[in-house]
Amino acid sequence: MRIRILGSGAAEGFPALFCECETCRRARAIGGRNLRTRTSVQVDESVLIDLPPDILSQVQREGFSLASVEHILITHSHRDHFAPAELHLRREPFAHWENQPPLHLYGTDHTCEVFRETFGEPPIEQGVLFHTIHPFVSFAAGDMFVLPIPASHSSYLNPVNYILFRRGRTLLAAFDTGWYSEQTWSALNEWQFDVLVAECTTGHKSDPMNEHLSVHSVKRMHSELKRRGCLKDTSRFVTVHFSHDGGLLHEDLERVFCGTGIEVGYDGMVVEVPD
Ligand SMILES: [Zn+2]
Ligand SMILES: [Zn+2]
Ligand SMILES: [Zn+2]
C-alpha cells in the first residue's frame, strides 16, 4: 500500500489565503514544508480520500492525472474536503480520453445532497456514480474493503473517517474528527493499522467544541490506539490538516512530536508499506 499526502493543510490553507498573521508570514518566508494545500490522500494509484479545491495544483505538482483514479471516498461535505464542481472537468471538451471507466464516489447522505445540488436532479454525472454509504456499514471499492466509522465533527453533516483494507494492509484516515465516541473506539478494537493519517488541526490550542484534534489529543489518540492493540511497532502514524491558528510551523511540529512515534505530514509525503 502506497499512501501519498496530496495536501496537509486545514480549511484555509497554510499559510492561509487572506491571512497576515505572524505564523502565515513566517510560513510564506520559509516556504518548503510550511506550504500546505487542503488535506487529501491518495492510496495506491486508484483511490483518493477527499477531493479538495486544491486538487488541480496537487495533481500537477505530483505529475499525474485523475484519469487513474477510480474511487474517491469523501469524509464530509465541508468545502475543504469536497469540491464537487471539479468533476465537471471529467467530460468533453475539458478532458479527452478513451474507454473512460466510471468514477465511483462515496459519501454519506449529506455529501450526496451536495453532489446532487452541483450536478442537478436527475444528476448529470459525467460518468460519476455516487454511492451513499453509512457509518459502520462496510463496502467494497474495487478490491478494497472499506469500513466508514463516525467522526466526532460537525454532526449535522454525518461525517465519517475511513478504514481501508487492501492486500493485507490497513489504513485509518482520520480527518476531520475530534475525540471519538465510545462506540467508534469499540469498532477500532478489532483492527491493527499499518498506517494512520490523523488530523492535528489546532496545534497547542484545545478545541472546546471537540470538532478537531490538537497536539495533545493526537498524542492521547496515539496512546489510546496502542493501549487497545491497534498499532504495532512498525505502524506509521502521520499527522495532517494543520491550521495556521495552531501557530506551529513544520519545524515546531517536528520538535513537538520528536520521540513520540508520531510523524509530521507534509504535501508530497509518501508512506509506503510493502503488500
Ligand atoms: Zn477540514
Ligand atoms: Zn495566519
Ligand atoms: Zn470539516
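Residues 18 to 292 (my numbering) make up the sequence shown, in order. In this text, a Cβ means the ideal position worked out from N, Cα and C, and glycines have one as well. Only a predicted model underlies this, so the values are computations on that prediction, with no experimental measurement involved.
- In this structure, the C-beta of Pro-152 stays at least 7 Å away from each heavy atom of ligand 2.
- In the assembly as shown, Ser-252 is a buried residue. Its beta-carbon has 16 or more other beta-carbons within 10 Å.
- Within the stretch 130 to 216, the runs of alpha helix (DSSP H) that reach at least 4 residues and sit entirely inside it are, in chain order, 199 to 205.
- Restricted to the stretch 228 to 268, the alpha helix (DSSP H) segments that are unbroken, complete and at least 4 residues in length are 232 to 244, listed in chain order.
- As the crow flies, the alpha-carbon of Ser-198 is around 11 Å from that of Leu-205.
- The beta carbon of Val-76 sits closer than 7 Å to the beta carbons of Ser-82 and Leu-83 from its chain, once the five residues preceding and following it are set aside; these are given in chain order.
- Boundaries of the alpha helix (DSSP H) harbouring Arg-45: 39 to 47, taken from the DSSP string.
- Excluding the 5 residues flanking it on each side, Pro-32 has same chain C-beta neighbours closer than 7 Å at Cys-41, Ala-44, Arg-45 and His-261, in chain order.
- Distance check between Gln-59 and each of Pro-70, Glu-37, Cys-38 and Val-86 places Val-86 closest, using alpha-carbon atoms only.
- Contact check for Ala-215 against Thr-256 passes: the beta carbons are separated by less than 8 Å.
- Judged by their CB atoms, Ile-66 and Tyr-283 are not nearer to each other than the 8 Å cut-off.
- A distance below 8 Å separates the beta carbons of Val-288 and Val-212.
- Take Ala-191, set aside five residues on each side of it, and the residues of its chain with a beta-carbon closer than 6 Å to its own are Asn-178 and Ala-215, in chain order.
- With a cut-off of 7 Å, the C-beta of Thr-56 is classified as near ligand 1, since at least one heavy atom of the ligand falls inside that distance.
- With respect to the 8 Å criterion, Leu-230 and Gly-276 are not classified as neighbours on the basis of their beta carbons.
- A straight line joining the alpha-carbon of Leu-189 with that of His-151 spans about 17 Å.
- Each of Leu-52, Leu-34, Cys-38 and Glu-39 was checked against the Cα of Met-286, and the nearest Cα belongs to Leu-52.
- A residue is called buried once 16 or more other Cβ atoms fall within 10 Å of its Cβ, and Asn-116, having fewer, is exposed.
- Per DSSP, Arg-19 lies in no alpha helix (DSSP H) segment; the continuous beta strand (DSSP E) that holds it begins and ends at 19 to 24.
- Here Ile-91 carries a coil assignment [DSSP, helix/strand/coil].
- Look at which beta carbons fall closer than 5 Å to any heavy atom of ligand 3; those residues are His-95 and Asp-193.
- Phe-274 sits away from Leu-248, with the two beta carbons spaced by 8 Å or more.
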